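full-length UniProt numbering applies: residue 1 is where the sequence shown begins, and numbers increase by one.
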Amino acid sequence: MEKLPIPEGYKTEIVGGHLFMTPQKDTYATAGVPVYLIVDPYTGEWHLHTLPKDGTYHGTVSFGFGEEVDLTGTAVGLVLRTDEFPRD
Numbered sequence: 001m002e003k004l005p006i007p008e009g010y011k012t013e014i015v016g017g018h019l020f021m022t023p024q025k026d027t028y029a030t031a032g033v034p035v036y037l038i039v040d041p042y043t044g045e046w047h048l049h050t051l052p053k054d055g056t057y058h059g060t061v062s063f064g065f066g067e068e069v070d071l072t073g074t075a076v077g078l079v080l081r082t083d084e085f086p087r088d
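So this is what it looks like as structure tokens:
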């Protein structure tokens, strides 16, 4: 279970020795959350989702660790460095 691949956009919880994976991305898009960022230490990639409408994100970009996440044009308004993100 150490290197279990987790599908993009899923929340993973281990409760009482049981593994639960639930989709999250569409829930946030439906709620109108303007920016949804997934950081995956197993693949060394990040996935930025923006422009929520009708229950889905219409803007998506993905890069590897080391590339900055430019959120200046979003409600967050900052640049996130990823060069020191841990890899598993």
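The C-beta atom is built at its ideal place from N, Cα and C for all residues, glycine as well.
Since we're looking at a predicted model, the values are computed, not measured.
Here the alpha carbon of glycine 44 sits roughly 18 Å from the alpha carbon of threonine 12. DSSP places threonine 30 in the uninterrupted alpha helix (DSSP H) bounded by 25-30.
Runs of the alpha helix (DSSP H) spanning 4 or more residues and lying entirely within the UniProt domain "Putative restriction endonuclease" (26-80) do not occur at all.
In the three-state reduction of the DSSP assignment, threonine 12 falls in the strand class. Non-local C-beta neighbours of serine 62 in its own chain, meaning closer than 8 Å and more than five positions away in sequence, comprise Glu45, Trp46, His47, Leu48, ordered along the chain. When the beta-carbon positions are compared, glutamate 68 and valine 79 come within less than 7 Å of each other. Distance check between tyrosine 42 and each of Gly59, Ala31, Phe65 places Phe65 closest, using alpha-carbon atoms only.
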